[in-house]
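J.: Got a structure for you, questions after.
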Amino acid sequence: MMNKKNKEIEEKYFEEIFYPIKKLWKESYYLPDNKNTDKSIEVIWNDYEKVEIIVDNKDKSKYTEWEGMLTFTMYRTLKRMGLKYLSEGKEYLNIDEIPIEDFEKDYLENLKFEGNEEYLAKYKGLKSRLN
Numbered sequence: 201m202m203n204k205k206n207k208e209i210e211e212k213y214f215e216e217i218f219y220p221i222k223k224l225w226k227e228s229y230y231l232p233d234n235k236n237t238d239k240s241i242e243v244i245w246n247d248y249e250k251v252e253i254i255v256d257n258k259d260k261s262k263y264t265e266w267e268g269m270l271t272f273t274m275y276r277t278l279k280r281m282g283l284k285y286l287s288e289g290k291e292y293l294n295i296d297e298i299p300i301e302d303f304e305k306d307y308l309e310n311l312k313f314e315g316n317e318e319y320l321a322k323y324k325g326l327k328s329r330l331n
């Protein structure tokens with residue numbers, strides 16, 4: 201199968217996509233901020249913008265479309281969890297507290313929603329599920 205740039209799309213496990221991108225995000229977020237809204241958390245949005253610039257522009261040659269799709273999906277997962285934590289009165293969100301399965305579930309939904317049939321066909325899911 202060919203992607204938009206007429207390159208062969210590699211089969212990928214989620215872990216192969218996730219861990220290189222996870223390293224680009226902050227490990228912890230202090231959530232309370234007067235710039236937050238009921239639908240957005242400023243510190244997570246700012247971090248997303250930095251990660252997106254790295255993946256889609258600055259270091260574009262290091263990353264594939266797989267990682268590009270994960271960047272926004274991770275933002276959505278972090279935002280959802282951050283809003284949940286805020287509603288529970290928690291001040292900090294640590295990325296390691298979120299199970300990888302939550303990120304993978306959102307990523308798979310995004311693959312299906314976006315209509316990326318070529319990528320969906322090559323997506324192998326969580327390697328850890330095979331063990």
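Quick note: the sequence shown uses this note's numbering, first residue 201, plus one each step. The C-beta atom is built at its ideal place from N, Cα and C for all residues, glycine as well.
Whose C-alpha, out of Glu-249, Ala-321, Ser-261 and Leu-293, is nearest the C-alpha of Thr-344?
T.: Residue 344 lies beyond the stretch modelled for the chain, which goes from 201 to 331, so this question has no answer here.
J.: Name, in chain order, the residues that DSSP records as bridge partners for Leu-293.
T.: Position 93 of the sequence shown, counting from 1, holds the residue named residue 293. Partner(s): Tyr-229.
J.: What's the call for Phe-303, buried or exposed, on a 16-neighbour Cβ count within 10 Å?
T.: Locating residue 303 in the sequence shown gives position 103, counting from the first residue. Flag for Phe-303 reads buried.
J.: For Gly-289, is the classification buried or exposed, using 16 other Cβ atoms within 10 angstroms of its Cβ as the cut-off for buried?
T.: Within the sequence shown, residue 289 is the residue found at index 89, counting from 1. In the assembly as shown, Gly-289 is an exposed residue. Its beta-carbon has fewer than 16 other beta-carbons within 10 Å.
J.: Determine whether the beta carbon atoms of Ile-292 and Tyr-230 lie at a separation below 8 Å.
T.: Taking the sequence shown and counting its residues from 1, the one referred to as residue 292 is at position 92. Taking the sequence shown and counting its residues from 1, the one referred to as residue 230 is at position 30. According to the sequence displayed, residue 292 carries Tyr and not Ile. It is a contact, given that the beta carbons lie within the stated cut-off.
J.: Can you tell me whether DSSP reads Glu-178 as helix, strand or coil?
T.: An answer regarding residue 178 cannot be provided, because it is not within the stretch 201 to 331 covered by the chain.
J.: To the nearest angstrom, how far is it from the Cα of Tyr-323 to the Cα of Ile-254?
T.: For the purposes of this step, residue 323 is taken as the residue at position 123 of the sequence shown. For the purposes of this step, residue 254 is taken as the residue at position 54 of the sequence shown. Roughly 23 Å between the two C-alpha positions.
J.: Would the beta-carbon of Leu-278 fall within 8 Å of that of Ile-217?
T.: In the sequence shown, residue 278 corresponds to position 78, counting from 1. In the sequence shown, residue 217 corresponds to position 17, counting from 1. Contact: no.
J.: Taking only three categories from DSSP, how would you classify Tyr-285?
T.: Mapped onto the sequence shown, residue 285 falls at position 85. Reduced to three states, the DSSP call for Tyr-285 is helix.
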